[in-house]
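S.K.:
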Amino acid sequence: MKKIKSISFILITWITTFSFGTLVIGLNWTDKRNRVFKFCELYWAKTIIYFSGINLNIHGKENIKNKRYIFCSNHKSALDIPIALSIINKPVVFLAKKQLFKIPIFSLILKSSGMIEVDRENKNKAKKSVNKAINKIKFSNNSLLVYPEGTRSYKEKIKPFKKGCFIIAVESGLPILPITIKGADKVLNKTTLLINPKHEVDIYFHKEIDTVTYNLENKDELLEKVRDQITSKL
1288 MKKIKSISFI LITWITTFSF GTLVIGLNWT DKRNRVFKFC ELYWAKTIIY
1338 FSGINLNIHG KENIKNKRYI FCSNHKSALD IPIALSIINK PVVFLAKKQL
1388 FKIPIFSLIL KSSGMIEVDR ENKNKAKKSV NKAINKIKFS NNSLLVYPEG
1438 TRSYKEKIKP FKKGCFIIAV ESGLPILPIT IKGADKVLNK TTLLINPKHE
1488 VDIYFHKEID TVTYNLENKD ELLEKVRDQI TSKL
């Protein structure tokens, strides 16, 4: 039964992704205010969460104001992205590993959506990705969703944070809104494609952290402050 549910969920996820993705590709050139992108992103996420069977408990949604943010979240499940996007209700781009940009059609969806390619294996290219993210965030109406751990954690409570998103925050001047997601790995973890529905998942939106008093010299202090907030609910 679990395998049947998992296969059904995977099929629904792909159908939903390519359906909304095709809409983004087709209307991208007319979508100057990102209204289509915002709609597609929101309902793509809501559809996936609905069929995942998650019981989602939302805390601190009132902390999301009518402004742009850099959302920083812990990362233990592939469901973390749709969980966050189903609630944020803003046009959000994120840093995506280069391997995803090699998947036919899916790469076109990512590019049309404004996602930023990251090469984690090459430090020079990774720096270029950070600079590209800074420019893209500065001159758009998008927020940015980042997972500072760089990849999903499994046995660890939380992995060490990489510094890229904090450089982006300092250089762009956008506030950081930390997010804690707890329990998503019980539904779908890093080691399997089998889904375990009907689990409770909690998502916490912490109070925003102003970045204007930070610079490249003291960005580690910002990193620790964000990390402390995220881990406070794990």
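Each position in the sequence shown, counted from 1, maps to that position plus 1287 in our numbering.
Glycine included, every Cβ here is placed at the ideal spot set by N, Cα and C.
The structure displayed is predicted, hence computed values, not measured ones.
#1: Residues in its own chain within less than 6 Å of V1488 by CB, not counting five upstream and five downstream?
#2: Considering Cα atoms alone, identify which of V1499, K1520, K1506 is closest to H1493.
#3: From I1490 to S1339, what does the alpha carbon distance come to, in whole angstroms?
#4: What is the residue span of the alpha helix (DSSP H) that V1457 lies within?
#5: With a threshold of 6 Å on Cβ separation, who are the neighbours of S1430 within its own chain once the five nearest residues in sequence on each side are excluded?
#6: Would you list the one or two residues that DSSP bridges to L1464?
#7: If we count the other Cβ atoms within 10 Å of its Cβ and call it buried at 16 or more, is V1405 buried or exposed?
#8: When the Cβ atoms of the segment 1394–1405 are set against those of the segment 1304–1311, are three or more pairs found closer than 8 Å?
#9: Per the DSSP calculation, A1383 is bridged to which residue(s)?
#10: May I have the straight-line CA-CA distance separating I1368 from L1464, to the nearest angstrom?
#11: Using only CA atoms, which one of M1402, K1425, K1385 lies nearest to E1408?
M.R.: If we stick to the structure as given:
#1: I1341, L1343, G1470, A1471
#2: K1520
#3: 16 Å
#4: 1451–1459
#5: R1355, Y1356, K1377, V1379
#6: F1358
#7: buried
#8: yes
#9: E1404
#10: 15 Å
#11: K1385
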